[in-house]
Each structure stands twice: as C-alpha cells, then as structure tokens.
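Q:
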Amino acid sequence: MSSTNKLKEYAAHFPTVEIDTSFYAIQPERNIVKWLRDTPDTFQFVVKAYQGMTGHLRGDIPFANKQEMFHAFIQSIKPIRTSNKLAMVLFQFPPWFACTKENVTYLKWCREQMGDFDVALEFRNRTWFSGEFYDKTLAFMKAENWIHSIVDEPQAGERSIPTVLHPTDSKKTLIRLHGRNVHGWNKPSSGDNWRDVRYLYRYNEEELLEWKQHIQKLQEQTETIYMLFNNNSGGDAADNAKMMLNLLDISYDGLAEKQLSLFSDIEER
1 MSSTNKLKEY AAHFPTVEID TSFYAIQPER NIVKWLRDTP DTFQFVVKAY
51 QGMTGHLRGD IPFANKQEMF HAFIQSIKPI RTSNKLAMVL FQFPPWFACT
101 KENVTYLKWC REQMGDFDVA LEFRNRTWFS GEFYDKTLAF MKAENWIHSI
151 VDEPQAGERS IPTVLHPTDS KKTLIRLHGR NVHGWNKPSS GDNWRDVRYL
201 YRYNEEELLE WKQHIQKLQE QTETIYMLFN NNSGGDAADN AKMMLNLLDI
251 SYDGLAEKQL SLFSDIEER
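First residue of the sequence shown? That's 1 in this note's numbering, and the numbers climb one at a time after it.
#1: Roughly how many angstroms lie between the CA atoms of THR21 and LYS217, to the nearest whole one?
#2: Considering only the beta carbon of each residue, do PHE129 and ILE161 sit closer than 9 Å?
#3: Would you say GLY55 and PHE97 are within 9 Å of each other, going by their C-beta atoms?
#4: Please report the straight-line C-alpha distance between PHE14 and TYR252, rounded to a whole angstrom.
#5: For TYR226, list the residues DSSP reports as bridge partners.
#6: With burial defined as no fewer than 16 other Cβ atoms inside 10 Å of the residue's Cβ, what is the status of ILE80: buried or exposed?
#7: Relative to the alpha-carbon of PRO94, which residue among GLY115, PHE70, TYR50 and ASN204 has its alpha-carbon at the smallest distance?
#8: Apart from the five residues on each side of it in sequence, which residues of its chain come closer than 8 Å, Cβ to Cβ, to ILE215?
#9: Mark TRP211 as exposed unless 16 or more other C-beta atoms lie within 10 angstroms of its C-beta, in which case mark it buried.
#10: Under DSSP, the alpha helix (DSSP H) around LYS217 begins and ends at which residues?
#11: How is the alpha helix (DSSP H) around SER149 delimited, first residue to last?
#12: Pull up the distance between the alpha-carbon of GLN27 and that of SER76, whole angstroms please.
#13: Measuring alpha carbon to alpha carbon, tell me which residue in VAL104, VAL33 and GLU112 is nearest ALA139.
#14: Which residues in the same chain have their Cβ closer than 6 Å to the Cβ of ALA64, if we skip the five residues on either side of it in sequence?
#15: Quick check on the DSSP output: the beta strand (DSSP E) that includes ILE250 runs from which residue to which?
#16: How would you write the range of the alpha helix (DSSP H) that GLN67 sits in, first residue to last?
#17: Run through the DSSP bridge pairs and tell me what ILE32 is partnered with.
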C-alpha cells in the first residue's frame, strides 16, 4: 500500500514501532503530528537517536555545537512524549565505538543531556561485553539509568555483541532482533544493497521458541518488554512478529481499526 496509509494499517496489527527516520534527520513537526494522528492512544514509539548524537555521522554536524544538536532533537520529540506515546529514545552506537574511558565519559554526557527521558543503549562493539568489562558495562548502564537494548544478531567478530539477557531497568527493557546473517553483517556500508544484505534473514519457529524462553525469564526482572524485529529487508519482520505473538499467545486491546483488506476481493469469491 502507499506509504501514506502504511502506519495506519500497521497500527491495526502491532502496538509499537521504531522510528528510524529520526536517525537520518531530526524530524519536522509535520511528520510527528501525522504519526501521532495515524496511531491509537495506546500506541508506543521507540525513537532512534539522530546519527550525529551517536557518532555515525561522518564529518561535521549541521549544528553550531553538540548541545544545540541535542536540544533540537529533544524539541522534535516532545510532542510524542506529551501524547504519552514515547516508549523510549534508542541510542545505537556504531561498531567503532569501543569500550574506552573517553566513550564512557561521552555516554554520561549523553545521559545528562537527555534529562528525564527514558533512553535505551545498544552497542555494536564486542569490547563492552568482553572479559572484565562485561559486569562493569551492565553496572554502568544501571547506575546511569540506561535501558538495556538486548540484541539478537549475527556473531561475526568484534563488530557484533552477544545476547546479554540482563535488564538494567526494572520498568522497561528493549529487545531488537537483527537476524543472523553472518555473511551480510560485516559487509561494508557502501553501495546500494548493503542494508538489504545485512538484514536479510527469516527466523524459524525453533529460534523464536528460544526467545519465548528468554522473555519468560526477563519478565521476572522487568515490567514491560518491547520487542522489535529489524530483519526487514526481505519483508520477514512483520511475519516473524506475528509468529512471536502466536507463540506467546498475545493479543492486544486498543489497536487501530483494520483498513480494507488488500485481499478482500479474493475473500468475497
């Protein structure tokens, strides 16, 4: 269907979504207003932090300084929080963001800039959960009020991290499933199809049953779990999410009304 109506239809099936466009550019008010209008009252957004805030942006940031950049981002998402639809802001750091004293200091600074917003933290560099840093990283996240973004991703060396089933916030935990395409994970971020290759993966039932067990354990330590499938390049994310809902025997109240079925003409025959 057209992109204009896609979120409305999505909100009839799922209660939360990740805003990825905020990573590439701080969003104008008109976009935020439309997203809020197109979703029911209980819908929740996980907003990805702007790439200049997480060190992905190569070259100079398009702001006078970092403080101005954070301020602009926060102002852009305030309407989402005012509407009670902001689940959290996700800071996903790049593979070259290793566990160093300088980067720990920057994480503290980021957390201060975000004030009382709920913020999640996700790494892409294995050093944060290697050896002596494993426990220290989790303790730091808990002390600094970072929500742990627990991942399922290819185990492909230094540029990937293991699945660490340890919440750092008693109220919220984020799970992001990126697929297990080892070959595509370390493909250079250049060319036209690197993203399509990286996230091309479909979880089978056995793999999702593993996550059912994980979730049951995590529920003992955290109140609300947000689970997002990022294996979307082949159109598998929504199907896998539906499979997960069935395995967990979950149904939601307060979803949007379903639009006219794309297959209604077939169903009527």
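Glycine is no exception: its CB is placed at the ideal position from the N, C-alpha and C atoms. Computed from a predicted structure; not experimentally measured.
A: Taking the geometry as given:
#1: Position 21 of the sequence shown, counted from the start, is the residue given in the question as residue 21. Position 217 of the sequence shown, counted from the start, is the residue given in the question as residue 217. Distance between the alpha carbons of THR21 and LYS217 is about 32 Å.
#2: For the purposes of this step, residue 129 is taken as the residue at position 129 of the sequence shown. For the purposes of this step, residue 161 is taken as the residue at position 161 of the sequence shown. It is a contact, given that the beta carbons lie within the stated cut-off.
#3: Sequence index remark: in the sequence shown, residue 55 carries index 55 (1-based). Sequence index remark: in the sequence shown, residue 97 carries index 97 (1-based). Closer than 9 Å, so yes.
#4: The residue given as residue 14 occupies position 14 in the sequence shown. The residue given as residue 252 occupies position 252 in the sequence shown. Between PHE14 and TYR252, the alpha-carbon positions lie close to 8 Å from each other.
#5: Taking the sequence shown and counting its residues from 1, the one referred to as residue 226 is at position 226. Partner(s): LEU174.
#6: Here the question's residue 80 lines up with position 80 in the sequence shown. Buried, since its Cβ has 16 or more Cβ neighbours within 10 Å.
#7: Mapped onto the sequence shown, residue 94 falls at position 94. Checking every option, the nearest Cα to that of PRO94 belongs to TYR50.
#8: Here residue 215 corresponds to residue number 215 of the sequence shown, with the count starting at 1. Contacts found: ILE175, ILE225, MET227 and LEU248.
#9: The residue given as residue 211 occupies position 211 in the sequence shown. Buried, because 16 or more other Cβ atoms sit within 10 Å of the Cβ of TRP211.
#10: The residue given as residue 217 occupies position 217 in the sequence shown. Per DSSP, LYS217 belongs to the alpha helix (DSSP H) from 205 to 218.
#11: Your numbering for residue 149 matches position 149 in the sequence shown. Segment 146 to 152 is the beta strand (DSSP E) holding SER149; no alpha helix (DSSP H) there.
#12: For the purposes of this step, residue 27 is identified with residue 27 of the sequence shown, where counting begins at 1. For the purposes of this step, residue 76 is identified with residue 76 of the sequence shown, where counting begins at 1. The straight-line gap from Cα to Cα measures roughly 6 Å.
#13: For the purposes of this step, residue 139 is taken as residue 139 along the sequence shown, with counting starting at 1. The shortest C-alpha separation from ALA139 is found at VAL104.
#14: Mapped onto the sequence shown, residue 64 falls at position 64. Taken in chain order, the list of residues that qualify is empty.
#15: On the sequence shown, position 250 is the one that residue 250 refers to. Per DSSP, ILE250 belongs to no beta strand (DSSP E) and is neither H nor E.
#16: Here residue 67 is taken as the residue at index 67 of the sequence shown, counted from 1. It spans 66 to 82 - the alpha helix (DSSP H) in which GLN67 sits, taken as one unbroken run.
#17: The residue given as residue 32 occupies position 32 in the sequence shown. None; ILE32 has no bridge partner.
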